[in-house]
Each structure stands twice: as C-alpha cells, then as structure tokens.
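Novice:
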Amino acid sequence: MERVNIVHLRMDHLRAASAERKGMYHVAVSCYLACLEQVEALGDHRARRYFAGRLAHCYRVMGFEEKARRYEAIALGAY
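Shown next as structure tokens:
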C-alpha cells in the first residue's frame with residue numbers, strides 16, 4: 001500500500017470544498033481528483049465514493065454530463 005500524507009489529503013479536501021462554495025468548479029475538480037487518487041491509494045472505499053460523488057456534482061454543474069455519470073457510478077458503488 002502506498003503511503004498517503006493525511007495532512008495533504010485534508011488540505012486538498014478543504015481547498016476543493018472552498019472552491020466549490022465559491023463556484024470555482026474547475027479548481028474544485030482538480031482538488032477532488034487529487035483526493036480521489038489519494039484515497040484510492042489508501043484503499044478507502046467509503047472516501048472513494050464520497051469524492052466521486054463530489055466530482056459528479058461539480059462536473060454536472062459545469063455541464064459535463066458524461067463525466068458526471070461516470071463518477072456518479074463510482075459514488076453509487078458500481079465500480
């Protein structure tokens with residue numbers, strides 16, 4: 001299992017949430033993708049579904065429905 005710095009994960013999560021609240025979805029997506037990559041390295045399936053759900057929401061708001069559906073499927077446990 002790859003080592004993940006939990007502080008970096010938390011900082012990425014805070015940046016993503018802040019960007020999402022401000023409507024800066026492109027920044028939120030970048031940060032949520034970093035979070036998703038980190039929790040996948042940890043093997044944390046609950047966190048993986050959470051971050052995939054956030055990505056689905058951001059992509060949907062941005063008008064990227066296909067990407068939103070892909071991450072929504074992960075959030076619902078289809079992958």
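Residues 1 to 79 (full-length UniProt numbering) make up the sequence shown, in order.
All residues carry an ideal CB built from backbone N, CA and C; glycine is no exception.
Could you tell me whether the region 26 to 37 touches the region 55 to 62, using the rule of 3 or more Cβ pairs below 8 angstroms?
Specialist: yes
Novice: From Leu42 to Val4, what distance separates their C-alpha atoms?
Specialist: Numbered from 1 along the sequence shown, position 42 holds the residue referred to as residue 42. Numbered from 1 along the sequence shown, position 4 holds the residue referred to as residue 4. The alpha-carbon atoms of Leu42 and Val4 are separated by roughly 7 angstroms.
Novice: Locate the alpha helix (DSSP H) running through Arg69, then write down its first and last residues.
Specialist: For this step, residue 69 is matched to residue 69 along the sequence shown. Judged by DSSP secondary structure, Arg69 falls within the alpha helix (DSSP H) whose first and last residues are Glu65 to Ala75.
Novice: Whole angstroms is fine: what's the gap from Gln38's alpha carbon to Leu9's?
Specialist: Within the sequence shown, numbered from 1, the residue matching residue 38 stands at position 38. Within the sequence shown, numbered from 1, the residue matching residue 9 stands at position 9. Looking at the two C-alpha atoms, the distance is approximately 7 angstroms.
Novice: Asp12 and Ala47 - do their beta-carbons sit closer together than 8 angstroms?
Specialist: The residue labelled residue 47 in the question sits at position 47 within the sequence shown. The residue labelled residue 12 in the question sits at position 12 within the sequence shown. Taking 8 angstroms as the Cβ cut-off, Ala47 and Asp12 do not qualify as a contacting pair.
Novice: Would you identify the three-state DSSP class for Asp44, choosing helix, strand or coil?
Specialist: Residue numbering aside, residue 44 sits at position 44 when the sequence shown is read from its first letter. DSSP places Asp44 in coil when its eight states are reduced to three.
Novice: For Glu65, count the other beta carbons within 10 Å of its own beta carbon; 16 or more makes it buried, fewer makes it exposed. Which is it?
Specialist: Here residue 65 is taken as the residue at index 65 of the sequence shown, counted from 1. The residue is exposed, with fewer than 16 neighbouring Cβ atoms inside 10 Å.
Novice: Whose C-beta lies closer than 6 angstroms to the C-beta of Tyr32 among residues of the same chain, with five residues either side of it excluded?
Specialist: Position 32 of the sequence shown, counted from the start, is the residue given in the question as residue 32. Cβ within range, chain order: Ala16, Phe51, Arg54 and Leu55.
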